[in-house]
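A.B. asks: Position 284 of the sequence shown, counting from 1, maps to 515 under this note's numbering, and the rest follow consecutively.
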Amino acid sequence: HGLLGEVWDDEMSTSRLSTRMKKVVQNYQAMNKYGVKISGPVGGPSQPKLSGPELLCQLKHKVEVVSLTADLHPFSMLPWASQLPAQQLTSELGPFKSCAVVSSAGSLRNSGLGKEIDSHDAILRFNAAPTSGFEKDVGSKTTMRLINSQVMASEEHRFLSSSLYSSGVLLAWDPAPFSSDLTQWLNRTDYPIFTQYQRYRRLHPQQPFFILHPRFEWQVWQRVQENMAESIQKNPPSSGFLGTVLMMSLCEVVHVYEFLPSKRKTELCHYYQHFYDAACTLGAYHPLLYEKNLVKRMNRGSDHDIYSLGRVTLPGFSVVNC
Ligand code: C5P
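1. Closest by CA to residue 465, which one among 519, 331, 285?
2. Sort out for me which residues DSSP pairs residue 546 with in a bridge.
3. Excluding the 5 residues flanking residue 551 on each side, which residues of the same chain have their C-beta closer than 8 Å to its C-beta?
4. When you compare the stretch 492-511 with the stretch 421-435, are there three or more beta-carbon pairs, one atom per stretch, that lie closer than 8 Å?
5. On a Cα-Cα basis, can you pick out the residue from 489, 453, 512, 528 that is closest to residue 340?
6. In or out: residue 517 buried (at least 16 other Cβ within 10 Å) or exposed?
7. For residue 441 versus residue 313, is the C-beta spacing smaller than 8 Å?
8. Should residue 330 be listed as close to the ligand C5P, given that the test is whether its C-beta is under 7 Å from any heavy atom?
9. Can you tell me where the alpha helix (DSSP H) holding residue 418 begins and where it ends?
10. Based on Cα-Cα distance, which residue from 479, 486, 467 lies nearest to residue 444?
11. Please return the same chain residues whose Cβ sits closer than 6 Å to the Cβ of residue 335, not counting the five positions on each side in sequence.
12. What's the call for residue 427, buried or exposed, on a 16-neighbour Cβ count within 10 Å?
13. Taking residue 328 as the reference, give the member of 530, 483, 525 with the closest Cα.
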């Protein structure tokens with residue numbers, strides 16, 4: 232309120248959404264496509280709210296950043312196993328001092344944040360987010376790109392042929408069964424992540440390319456649910472939040488841009504597309520609203536930084552004392 236204007240409130244709830252958005256979210260909340268075995272707020276509505284430092288320690292100790300390796304059963308038995316990295320991504324990447332996570336939000340438009348973003352040691356971008364033509368607002372360096380299996384599989388994104396994906400390290404994920412059973416997942420991926428992975432690796436054998444273990448996405452999901460007073464969507468967290476947690480495990484400090492909307496808040500979905508939908512910022516399929524509540528609680532920067540820069544500052548796991 233007042234001079235600062237409003238920034239994200241960490242108790243944001245579906246009850247404060249528009250009637251239309253509420254319906255969309257409730258629809259997703261009623262589904263359980265991935266067989267999530269946990270229902271509703273874990274500690275009941277009266278559970279004590281953890282402080283920011285306590286949340287950081289939970290994430291640090293109760294989320295494993297794991298990726299698929301060539302020797303991992305059942306992949307090790309498949310003819311293409313050798314296309315998978317021999318090592319975990321956490322032993323191949325970083326550690327970095329300062330990192331930038333660039334959400335793809337429409338509010339990055341006209342932000343002028345490009346120079347600041349590029350000043351970091353490592354920069355994470357998502358899915359089809361380009362830098363070319365948007366350097367002034369989002370920077371030009373890409374250290375890593377986290378992509379979902381839908382982007383890998385859809386015709387419109389030209390994953391196999393577009394140069395958009397050829398800089399930096401690729402990291403991919405697919406909404407997997409909650410059980411995180413790898414054989415179950417292999418037999419029913421949400422999108423054909425493994426066929427696309429094999430094709431891409433054949434075309435670009437030199438580019439490092441990791442696939443996240445489903446345990447990672449669902450452990451992150453559980454940390455979100457157990458810290459919310461209401462039931463969250465039983466779907467994996469958004470790429471933005473998965474990437475933020477991943478960078479917290481690789482970097483001493485993580486700056487996340489326009490995940491919590493600044494004064495430039497807009498219904499424009501992505502800075503690179505003329506498509507408007509409030510669900511991009513508030514979540515529909517993903518429990519994005521609740522991810523944002525957690526990020527707000529862990530933020531070590533000021534509300535002014537959120538308001539004027541859309542910037543959140545999170546410590547890396549290596550520097551938090553638990
Ligand atoms: O849409 P996409 O998943 O490619 O965007 C990358 C991430 O940026 C999202 O997963 C979400 O976490 C974040 N985002 C956001 N608000 C938007 C668009 C994206 O918070 N309007």
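C-beta: ideal position from N, C-alpha, C; glycine also.
C.D. replies: Answer, in terms of the structure:
1. By one-based count along the sequence shown, residue 465 stands at place 234. Distance from the Cα of residue 465 is smallest, within the candidate group 519, 331, 285, for 519.
2. Residue mapping note: residue 546 aligns to position 315 of the sequence shown, counting from 1. DSSP output for residue 546 lists 484 as bridge partner(s).
3. Taking the sequence shown and counting its residues from 1, one reaches residue 551 at position 320. Same-chain partners within the cutoff: 284, 287, 288, 291.
4. no
5. Within the sequence shown, residue 340 is the residue found at index 109, counting from 1. Ranking the options by Cα distance to residue 340, first place goes to 489.
6. Working through the sequence shown from its first residue, we reach residue 517 at position 286. The residue in question, residue 517, is buried, as its Cβ has 16 or more Cβ neighbours within 10 Å.
7. Looking up residue 441 in the sequence shown gives position 210. Looking up residue 313 in the sequence shown gives position 82. Contact: no.
8. For this step, residue 330 is matched to residue 99 along the sequence shown. No, since every heavy atom of the ligand C5P falls outside the 7 Å radius drawn around the Cβ of residue 330.
9. Along the sequence shown, read from residue 1 onward, the residue named residue 418 stands at position 187. Taken as a continuous stretch (DSSP letters only), the alpha helix (DSSP H) holding residue 418 covers 413-418.
10. Looking up residue 444 in the sequence shown gives position 213. Of the candidates 479, 486, 467, the one whose C-alpha sits nearest the C-alpha of residue 444 is 467.
11. Looking up residue 335 in the sequence shown gives position 104. 357, 360, 501.
12. For the purposes of this step, residue 427 is identified with residue 196 of the sequence shown, where counting begins at 1. Under this definition residue 427 is a buried residue.
13. Numbered from its first residue, the sequence shown carries residue 328 at position 97. That would be 483, whose Cα lies nearest to the Cα of residue 328.
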